[in-house]
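Trainee: So the sequence shown is numbered by the UniProt record's numbering: it starts at 1 and just counts up by one.
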Amino acid sequence: MSAMLSPVTSGKSTPAANAAAASFAALTAKLDYLSAADVESVRRAYRFADEAHLGQLRNSGEPYITHPIAVAQQCAEWKLDAQALMAALLHDSIEDCGVTKPELIERFGAPVAELVDGLTKLEKLEFNTREENQAESFRKMLLAMARDVRVILIKLADRTHNMRTLGDVPRTKWARISQETLDIYAPIAHRLGLNATYRELQDLSFRHLHPWRYVTLAKALVRARGRRRDVIKRVQSEVESAFVNAHIPVHIDGREKTLYSIYRKMDEKHLSFAQVTDLYGFRIIVQDLTGCYTALGVLHQLYKPLPGKFKDYIAIPKINGYQSLHTTLVGPFGTNIEFQMRTEAMHVVAESGVAAHWLYKATDPNSDASQRLGAQWLQSLLDIQQETRDAAEFWDHVKIDLFPEAVYVFTPKSQIMAMPRGATIVDFAYAIHSDVGHRAVAAKVNGEQVPLRSELHNGDVIEITTASVSNPNPGWLSFVRTGKARSKIRQYLKTMALAESQVLGEKMLAQALRAEGIDRERLSEDDEAHHATWEKILRFTGNRSRAELLTDIGLGKRIASMVAKRIVTLLAETGEKPDALLMSRERYTAHESVSQGALLLDGSEGTSVQFAPCCRPIPGDSILGYLGRGEGLTVHTDDCAVAKRLQHRDSERFIAVDWSDEPVRTFETDLLITVTNGKGVLARVAAALAGAEADITQVNMGNDPAQDATDLRFGVAVRDRIHLASVLRSIKRTPSVLRVQRAKATG
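1) In terms of alpha-carbon separation, which member of 220, 724, 237 lies closest to residue 279?
2) Okay, do the segment 204-223 and the segment 291-308 touch, 3+ Cβ pairs below 8 Å being the bar?
3) Quick check: residue 255 and residue 291, are their CB atoms within less than 8 Å of each other?
4) Which same chain residues end up closer than 8 Å to residue 662 when comparing Cβ atoms and leaving out the 5 residues on each side of it in sequence?
5) Give the straight-line distance between the Cα atoms of residue 370 and residue 489, rounded to the nearest whole angstrom.
6) Helix, strand or coil for residue 121, going by three-state DSSP, please let me know.
7) Using beta carbons (cut-off 8 Å, strictly below), is residue 618 in contact with chain C?
8) Would a C-beta distance cut-off of 8 Å place residue 75 and residue 153 closer than the cut-off?
9) Could you tell me which residues DSSP puts in a beta bridge with residue 445?
10) The alpha helix (DSSP H) with residue 701 in it runs from where to where?
11) When the Cα of residue 328 is compared with those of 343, 310, 462, which residue comes out closest?
12) Kindly indicate which residue of 197, 419, 642 has the alpha-carbon position closest to the one of residue 485.
13) Is the CB-CB distance between residue 716 and residue 675 below 8 Å?
14) Is the distance from the Cβ of residue 344 to the Cβ of residue 326 below 8 Å?
15) Let me check one thing: in DSSP terms, what residues is residue 336 bridge-paired to?
16) Using only alpha-carbon positions, find the residue among 537, 554, 466, 543 that is nearest to residue 500.
17) Please identify the residue among 462, 444, 319 whose C-alpha is closest to the C-alpha of residue 415.
18) Tell me the rounded alpha-carbon separation between residue 729 and residue 691.
19) What three-state label does DSSP hand residue 250 in the structure shown?
20) Which word fits residue 63, buried or exposed, when buried means at least 16 other C-beta atoms lie within 10 angstroms of its C-beta?
21) Pull up the distance between the alpha-carbon of residue 656 and that of residue 625, whole angstroms please.
22) Excluding the five sequence neighbours on either side, which residues of its own chain have a C-beta within less than 7 Å of the C-beta of residue 481, listed in chain order?
23) Mind checking residue 46: buried by the 16 CB within 10 Å criterion, or exposed?
24) For residue 178, count neighbouring C-beta atoms within 10 Å of its own C-beta (all shown protein chains included) and say buried if the count is 16 or more, exposed if not.
25) Who pairs with residue 619 in a beta bridge, going by DSSP?
26) According to DSSP, is residue 70 part of a helix, a strand, or is it coil?
27) What does a CB cutoff of less than 7 Å around residue 104 pick up in its chain, not counting 5 residues either side in sequence?
28) Figure out for me which residue from 238, 96, 673, 350 has the closest Cα to the Cα of residue 67.
29) Going by other Cβ atoms of all chains shown within 10 Å of its Cβ, with 16 needed for buried, is residue 183 buried or exposed?
30) Using only CA atoms, which one of 503, 564, 504, 557 lies nearest to residue 533?
31) Helix, strand or coil for residue 511 per DSSP?
32) Which residues mark the beginning and the end of the alpha helix (DSSP H) in which residue 159 is found?
33) Counting C-beta neighbours from all protein chains within 10 Å, is the total for residue 709 16 or more, i.e. buried, or is it exposed?
34) So what does residue 659 bridge to, in DSSP terms?
35) Determine contact between the segment 78-87 and the segment 35-53, defined as no fewer than three beta-carbon pairs at a distance below 8 Å.
36) Measure the alpha-carbon distance for residue 742 versus residue 619 and round it to whole angstroms.
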């Protein structure tokens with residue numbers, strides 16, 4: 001977006017040069033807070049950028065240099081330091097002018113060059129989709145901003161100026177640029193407390209995204225302003241008199257709702273313009289913290305407050321550091337008017353957020369609250385990046401955290417925590433600590449036991465119960481709302497799956513080697529003679545380590561038998577021969593029901609082994625294993641229709657598997673029970689299942705209207721086929737049961 005330029009062949013004309021000089025003069029007029037040396041550094045950066053952009057014009061016909069100057073002017077309004085202003089002037093020089101980073105380091109120092117590099121768009125790499133390109137661009141931007149918050153301040157100033165001049169861009173680009181601003185840049189501005197920029201970006205996006213609606217609403221607001229001018233003047237006069245009589249010095253500002261916020265309220269609540277009553281508000285700036293609450297008392301004596309419309313963001317600041325008291329009062333003629341009470345320091349933070357760190361330097365400890373909160377969020381971006389290398393997944397996590405709405409909850413020790421609206425117990429657990437999230441098994445809210453998926457509400461006191469043996473559940477990803485929780489769960493599950501796949505791969509390779517007459521214990525990686533063999537195998541497969549190779553085998557990315565054959569070939573080169581006795585024993589017993597070469601399963605394999613939902617195998621069933629590409633091992637019954645289709649298409653990916661003598665857990669299967677409809681039937685069947693020690697995991701009664709005979713489908717957990725037979729006998733003896741059978745998918 002920053003490169004809204006068109007090249008010209010000739011040098012700059014005199015009018016163009018004058019326009020650029022005038023723009024820079026306006027910038028230097030705002031640099032009175034810098035030292036003379038800093039101002040000279042900014043001048044040097046300007047001269048370099050001016051030379052670099054020589055001959056380039058914006059779509060408006062102005063010299064391109066006027067854009068970097070405008071960006072620097074916005075940064076100067078935030079009172080950013082000289083390095084940031086220099087970076088603002090140079091921010092397009094690498095991308096558009098062929099200037100290199102080393103050249104910038106040599107001329108202006110490493111800090112300025114790092115800022116410019118963080119602002120430079122991603123190089124033109126080959127991406128599959130626009131979305132992927134955009135995700136990677138924002139990942140780079142957000143990580144650069146996490147290292148130095150000035151990057152995003154300059155980036156937001158850049159986007160703000162581009163939005164102000166979007167009218168000069170071809171209209172076909174308006175929708176995409178405006179939607180991007182609304183979806184990404186405005187929420188980031190809000191998240192960092194830059195509320196003035198946030199409101200302006202929203203209004204400018206609305207103006208170019210829906211031009212007709214914008215114009216219509218603007219006209220309606222002008223008419224409403226004329227009709228209500230007398231009311232607003234009267235309210236301002238009465239409020240000023242009330243504070244004079246109370247001997248409280250205040251500064252009163254009138255405030256009008258932005259067009260975008262009016263539009264969004266109309267859209268979300270299905271209101272007409274006439275039904276939006278809180279178009280106007282007043283901001284009361286007081287001298288100190290106590291004055292905020294005193295001012296509130298004065299206003300409540302003057303006008304009646306609207307019930308449920310008082311919010312104390314001073315005692316409990318918003319997640320971006322914003323502090324104010326909000327109250328809505330019923331003014332003259334029944335007009336609803338919002339008032340905000342805050343100190344000067346709070347006002348600076350409210351309007352400028354993290355920029356207040358430079359803009360307002362006072363002894364007030366609250367003055368850098370937004371800076372601290374912004375830094376916390378930026379650090380969380382780096383934490384998520386450590387676990388998420390995929391750009392689209394990273395952006396998915398970050399978008400979740402851009403929701404401005406928040407709820408405030410308490411730990412058992414009364415520590416207050418701000419969470420996004422819709423966050424759950426699991427989000428809270430991960431917000432406390434990753435280990436608390438990983439080990440969470442139960443929770444109490446306000447002393448009562450609740451499910452882990454329960455949503456948080458303002459004022460909840462939450463207590464998490466943990467267990468050292470507990471692990472994150474993949475199902476949590478369906479309801480967690482914070483980027484931190486989502487990335488931590490995904491990272492844990494990936495790590496666990498890889499570890500389990502490595503163990504499975506080790507077993508599968510040992511099985512394949514036995515079939516080739518090689519005892520796995522003979523092939524030690526620590527043995528110097530075999531170390532060279534392993535290195536050759538890794539070069540053959542393209543893996544970096546033995547652990548990675550075993551993981552790939554466990555995930556089905558490599559076929560164990562092919563790796564085993566290659567190992568045999570390499571061993572033969574060193575003079576080692578297969579054990580003929582072991583090979584003949586493996587092949588002789590391969591047809592037996594319990595093959596010595598089969599991979600034994602006991603249910604402890606975790607996510608690396610999946611039991612197919614189409615046939616739901618249980619111990620005692622004849623089974624076979626299908627090694628999906630990158631999906632690990634899936635176990636089917638040997639009569640499963642799905643498995644038979646896969647065998648016909650992909651026979652080389654099937655391996656021999658069998659049950660261990662002592663499985664360590666229960667296995668799920670489905671029962672189809674036909675019953676005579678009547679009172680208490682479901683309870684009797686459930687009691688029969690409980691009596692047979694079968695855990696019910698699911699019940700499905702279908703959506704058909706009640707008939708004389710009804711099919712009930714139960715998911716039950718049993719130990720093996722013998723246990724299942726006992727369960728079936730118990731159900732058959734139950735009154736009202738007509739028929740019971742194990743249900744399998746037909747394919």
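Quick reminder that beta carbons are idealized off the backbone N, C-alpha and C, glycines included. As the structure is a computational prediction, the values presented were derived from the model and not from experiment.
Mentor: Considering the structure as presented:
1) Here residue 279 is taken as the residue at index 279 of the sequence shown, counted from 1. If we check each option's Cα against that of residue 279, 220 comes out closest.
2) no
3) The sequence position of residue 255 within the sequence shown is 255, counting from 1. The sequence position of residue 291 within the sequence shown is 291, counting from 1. Cβ distance not < 8 Å, so residue 255 and residue 291 don't count as in contact.
4) In the sequence shown, residue 662 corresponds to position 662, counting from 1. The residues are 602.
5) What you label residue 370 is simply residue 370 of the sequence shown in a count that begins at 1. What you label residue 489 is simply residue 489 of the sequence shown in a count that begins at 1. Only weak support exists for where residue 370 lies, its pLDDT of 49 falling under 50; the value from the coordinates is given anyway. Going from the Cα of residue 370 to the Cα of residue 489 covers about 29 Å.
6) Position 121 of the sequence shown, counting from 1, holds the residue named residue 121. Only weak support exists for where residue 121 lies, its pLDDT of 49 falling under 50; the value from the coordinates is given anyway. Residue state, collapsed to three classes: coil.
7) No chain C appears in this structure, which consists of one protein chain only.
8) Here residue 75 refers to the residue found at position 75 of the sequence shown. Here residue 153 refers to the residue found at position 153 of the sequence shown. Closer than 8 Å, so yes.
9) Here the question's residue 445 lines up with position 445 in the sequence shown. Looking at the DSSP assignment, residue 445 forms a beta bridge with 448, 462.
10) Counted from its first residue, the sequence shown places residue 701 at position 701. It is not in any alpha helix (DSSP H) - residue 701 carries neither H nor E in the DSSP assignment.
11) The residue you call residue 328 lines up with position 328 of the sequence shown. That would be 310, whose Cα lies nearest to the Cα of residue 328.
12) Position 485 of the sequence shown, counted from the first residue, corresponds to residue 485. Comparing Cα positions, the closest option is 419.
13) As a position in the sequence shown, residue 716 is number 716, starting the count at 1. As a position in the sequence shown, residue 675 is number 675, starting the count at 1. The answer is no: Cβ separation not under 8 Å.
14) Locating residue 344 in the sequence shown gives position 344, where the first residue counts as 1. Locating residue 326 in the sequence shown gives position 326, where the first residue counts as 1. No, the pair does not count as a contact, with Cβ atoms beyond the cut-off.
15) Numbered from 1 along the sequence shown, position 336 holds the residue referred to as residue 336. Partner(s): 330.
16) Position 500 of the sequence shown, counting from 1, holds the residue named residue 500. Minimum Cα distance to residue 500 is reached at 554.
17) Within the sequence shown, the letter at position 415 stands for residue 415. Among 462, 444, 319, the Cα nearest to that of residue 415 is on 462.
18) For the purposes of this step, residue 729 is taken as residue 729 along the sequence shown, with counting starting at 1. For the purposes of this step, residue 691 is taken as residue 691 along the sequence shown, with counting starting at 1. Each residue's alpha carbon lies about 11 Å from the other.
19) Here residue 250 refers to the residue found at position 250 of the sequence shown. In this structure, residue 250 counts as coil in the three-state DSSP scheme.
20) If you number the sequence shown from 1, residue 63 lands on position 63. The residue is buried, with at least 16 neighbouring Cβ atoms inside 10 Å.
21) For the purposes of this step, residue 656 is taken as residue 656 along the sequence shown, with counting starting at 1. For the purposes of this step, residue 625 is taken as residue 625 along the sequence shown, with counting starting at 1. For residue 656 and residue 625, the distance between alpha carbons rounds to 6 Å.
22) Taking the sequence shown and counting its residues from 1, one reaches residue 481 at position 481. Contacts found: 400, 420, 422, 423, 424, 427.
23) Within the sequence shown, numbered from 1, the residue matching residue 46 stands at position 46. Residue 46 should be labelled buried.
24) As a first step, residue 178 must be located in the sequence shown, where it is residue number 178. Burial call: buried.
25) Reading the sequence shown from its first residue, position 619 is the one you call residue 619. Residue 619 pairs with 621.
26) By one-based count along the sequence shown, residue 70 stands at place 70. Of the three classes helix, strand and coil, the one that applies to residue 70 here is helix, per DSSP.
27) Here residue 104 refers to the residue found at position 104 of the sequence shown. Excluding sequence neighbours, residue 104 sits near 90, 112, 113, 116.
28) The residue given as residue 67 occupies position 67 in the sequence shown. Residue 96 is the option with its Cα nearest to residue 67.
29) In the sequence shown, the residue the question calls residue 183 occupies position 183. Per the 10 Å Cβ criterion, exposed.
30) Translated into positions along the sequence shown, residue 533 becomes position 533. Measuring from the Cα of residue 533, the nearest candidate turns out to be 564.
31) As a first step, residue 511 must be located in the sequence shown, where it is residue number 511. Three-state DSSP puts residue 511 in a helix.
32) Start at 1 with the first residue of the sequence shown, and residue 159 comes out as number 159. 150-164 is the extent of the alpha helix (DSSP H) around residue 159.
33) Looking up residue 709 in the sequence shown gives position 709. Classification for residue 709: exposed.
34) Stepping through the sequence shown from its first residue, residue 659 is reached at position 659. DSSP, once it has assigned bridges, lists 601 as partnering residue 659.
35) yes
36) Translated into positions along the sequence shown, residue 742 becomes position 742. Translated into positions along the sequence shown, residue 619 becomes position 619. Computed Cα separation, rounded: 14 Å.
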